Amino acid sequence: MKEEIEALIKYRLEQAQTALDDAKFLLDGKRSAQSVVNRAYYAMFYSVLALLQKIGKIPSKHTGVISLFDLEFVAKGIFQKELSKHFHKAFELRQVSDYKTFKLISSEKAEETYRNASGFIDAIKKYIESEK
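Numbering (this note's numbering), first residue to last: 878 to 1009.
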């Protein structure tokens, strides 16, 4: 069972890195800011799924993933509140870009979201590695 969990954690971290790489590719190619935000958010989301897998708690909704990250890791001081703010903001921007009509995301916001996602994933990877 432990091997299965480790394999799933590895898979989720690979998904996170792929999504982050996609966001960078889109950003560098001056593609849609909405797409950059989407991929950056999902990079964060997948990395948190990897983290939650370690504690055996996998919610079915995005808001549940965010809430558990805050409850299990931010409130306990494992991660700084700043990371939570970045995750919440990326979720909010993705919601706006995916579901709100005529609400465009600026290229500056997309770039900021990408940078935040990159630091977010680095922090989670370091934590997971330190817990092995």
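Beta carbons: idealized from backbone N, C-alpha and C, even for Gly.
This structure is a prediction, so every number in the text was calculated from the model and none was measured.
- Contact annotation: the stretch 936-949 does not touch the stretch 897-911, with fewer than three C-beta pairs closer than 8 Å.
- At the C-beta level, Y991 and V925 stay beyond 8 Å of one another.
- Looking only at A987, Y919 and E1006, the smallest Cα-Cα distance to L897 is reached by Y919.
- Of the other Cβ atoms in all chains shown, fewer than 16 fall within 10 Å of the Cβ of Y976; this residue is therefore exposed.
- Annotated as distal: I998 and I886, with beta-carbon spacing of 8 Å or more.
- A check of alpha carbon separations from I882 across E988, A927 and F968 identifies A927 as the nearest.
- Here S937 carries a coil assignment [DSSP, helix/strand/coil].
- About 37 Å separates the Cβ atoms of A884 and S984, ruling out a contact at the 8 Å cut-off.
- In its chain, beyond the 5 residues on either side, S924 and L928 have a beta carbon closer than 6 Å to the beta carbon of I1001.
- Secondary structure note for R992: its alpha helix (DSSP H) is the uninterrupted segment S984 to S1007.
- The three-state reading of DSSP puts L890 in helix, counting H, G and I together.
- Within its own chain, the residues whose Cβ lies closer than 6 Å to the Cβ of N993, once the five positions on either side in sequence are excluded, are H963, listed in chain order.
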